[in-house]
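Asks: Using the numbering used here, the letters of the sequence shown correspond one by one to residues 1438 to 1667. Ideal Cβ positions, reconstructed from N, Cα and C, are used throughout, including at glycine.
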Amino acid sequence: MVLQTTFATATGSAACTDALAFGTGTRGHHLGEGAPSLLIRQLQGVTGHVDLDVEYVPRTEYGLVWPLLSYAGGGIYGRGGADNTVLSSPVTLTIADGAATGRLRLRAGDRVTFALHHAQPGEMPPRVWGQDELAAHLEDTIAAWQSWSRMHQGYHGPWQDLVHTSGRVLRALTYYPTGAIVAAATTSLPEVVGGGRNWDYRYSWVRDACLTMDALWVAACPDEAGKVLA
C-alpha cells in the first residue's frame, strides 16, 4: 500500500514514493487508528539529475469548489467549503489562478518530501510538516503495513503473491473507526471522458462488503472480518 514509481529521463532518474500515513506506532489489528489524514509523496534522485515541475491544483466538494490558497510558512494553506488543507512543500511555490506551482532539480542522492494534510471543522487543524518528521512518518507507515502482512497473510496456495496483495488492498479499503468497507477507491471517475455520468463508489455497498469480509476471512485474517462484523 506504499507505491514507488521510478521515472527516467534523458538526464537521470528519480523515485516517487506515495503513501497515506498511519498513526505513529500503529501495528497489526490497529492499522488506521489515529491516522492523521496525511498523504505523503517523497521524491528521491537515483541517477544523474531530473528537473521536476510542481503543480498543486486542489479541488474540494468533489471538484465543485476551488479553494482559496494562501502562503503558510513552508507550505500552502487552502480553504474550500468545509475542507481545510495544508500542502507542506520544501520548494517555494507561487500561487496564481487557483494553483500553486514551482520547479526543482533533483540530483542523485537528493530527497525531498511533500505532504497534503486535510481536516474538517471539529478536527485538529492541518499544519505544515517538517522534512524529518515526514520521512519518519513514511518509514513508520511502511513498517505498519509490513507488520500487518506478517501477522495476517495466512493464505498458502496458487497465486499466493497476488492473493496477498489483494488482501492488503481489501484491508486498506476498510475504515478503521467503524469497520465500513469502501466499495472502491475509484470514486467519481467518469464512465467516459467528457461524459455526463461517473462511477460513484463512495459508499459501503452490502454486496461488496460481504465479498470483502469473505475474502478477508479466507485469505488474510479472520480477526479482521470479525471486527468488521462487530
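1. Cutting at 7 Å between CB atoms, please list the residues of its own chain near Ala1536, excluding the five before and the five after it.
2. Find the nearest neighbour of Val1606 within the set Ile1618, Trp1596, Pro1614, judged by alpha-carbon distance.
3. How big is the Cα-Cα spacing for Pro1527 and Val1655?
4. By the 10 Å Cβ neighbour count, where 16 or more other Cβ atoms means buried, how is Met1561 classified, buried or exposed?
5. Quick one: using the 10 Å Cβ neighbour count with 16 as the cut-off for buried, is Gln1557 buried or exposed?
6. Enumerate in chain order the residues of its own chain whose CB-to-CB distance from Met1438 is below 6 Å, with the five nearest sequence positions on each side excluded.
7. Can we say the region 1499–1510 touches the region 1470–1483, given the rule of at least three CB pairs closer than 8 Å?
8. Near Thr1611, which residues of its chain fall below 6 Å by C-beta distance, leaving aside the five closest residues on each side in sequence?
9. With distances taken between CB atoms, is the gap from Thr1522 to His1555 smaller than 7 Å?
10. Check for me: the alpha helix (DSSP H) holding Gln1568 runs from which residue to which?
11. Let me confirm a value: Thr1463 is counted as buried when at least 16 other C-beta atoms fall within 10 Å, else exposed. Which label applies?
12. Which whole runs of the beta strand (DSSP E) in the region 1511–1577 are 3 residues long or more, in chain order?
13. Would you mind reading off the limits of the alpha helix (DSSP H) that contains Thr1649?
14. How is the beta strand (DSSP E) around Thr1484 delimited, first residue to last?
15. Using 8 Å for Cβ pairs, my map puts Thr1497 next to Asp1520. What's the rounded Cβ distance?
16. What residue range does the alpha helix (DSSP H) around Thr1602 cover?
17. Measure the alpha-carbon distance for Asp1645 versus Gly1460 and round it to whole angstroms.
18. Give me the residue from Thr1443, His1467, Thr1442, Gly1449 with the minimum Cα distance to Gly1616.
19. Are the CB atoms of Thr1550 and Leu1571 within a distance shorter than 7 Å?
20. For Gly1512 and Asp1569, what's the separation of their Cα atoms in angstroms?
21. By the DSSP assignment, the beta strand (DSSP E) with Leu1468 in it spans what residues?
Replies: Reading off the structure:
1. Only Glu1492, Tyr1493, Val1494 meet the Cβ criterion.
2. Of the candidates Ile1618, Trp1596, Pro1614, the one whose C-alpha sits nearest the C-alpha of Val1606 is Ile1618.
3. Cα atoms of Pro1527 and Val1655: separation of roughly 44 Å, rounded to the nearest angstrom.
4. Label assigned to Met1561: exposed.
5. So Gln1557 ends up on the exposed side.
6. Contacts found: Trp1582, Arg1605, Ala1609.
7. Not touching, per the Cβ criterion.
8. Hits under 6 Å: Ile1618.
9. With contacts defined by Cβ atoms closer than 7 Å, Thr1522 and His1555 form a contacting pair.
10. Per DSSP, Gln1568 belongs to the alpha helix (DSSP H) from 1568–1589.
11. Buried, by the Cβ-count rule.
12. 1512–1517, 1520–1525, 1531–1533, 1536–1544, 1548–1556, all fully within the region 1511–1577.
13. Secondary structure note for Thr1649: its alpha helix (DSSP H) is the uninterrupted segment 1643–1652.
14. Counting along the chain, Thr1484 sits inside the beta strand (DSSP E) bounded by residues 1475–1493.
15. The C-beta distance from Thr1497 to Asp1520 rounds to 4 Å, short enough to meet the 8 Å contact threshold.
16. Taken as a continuous stretch (DSSP letters only), the alpha helix (DSSP H) holding Thr1602 covers 1597–1609.
17. Distance between Asp1645 and Gly1460, taken at the CA atoms: about 27 Å.
18. Scanning Thr1443, His1467, Thr1442, Gly1449 for the CA closest to the CA of Gly1616 turns up His1467.
19. Yes, these two residues count as a Cβ contact at 7 Å.
20. So the alpha carbons of these two residues sit roughly 15 Å apart.
21. Run containing Leu1468: none; DSSP gives neither H nor E here.
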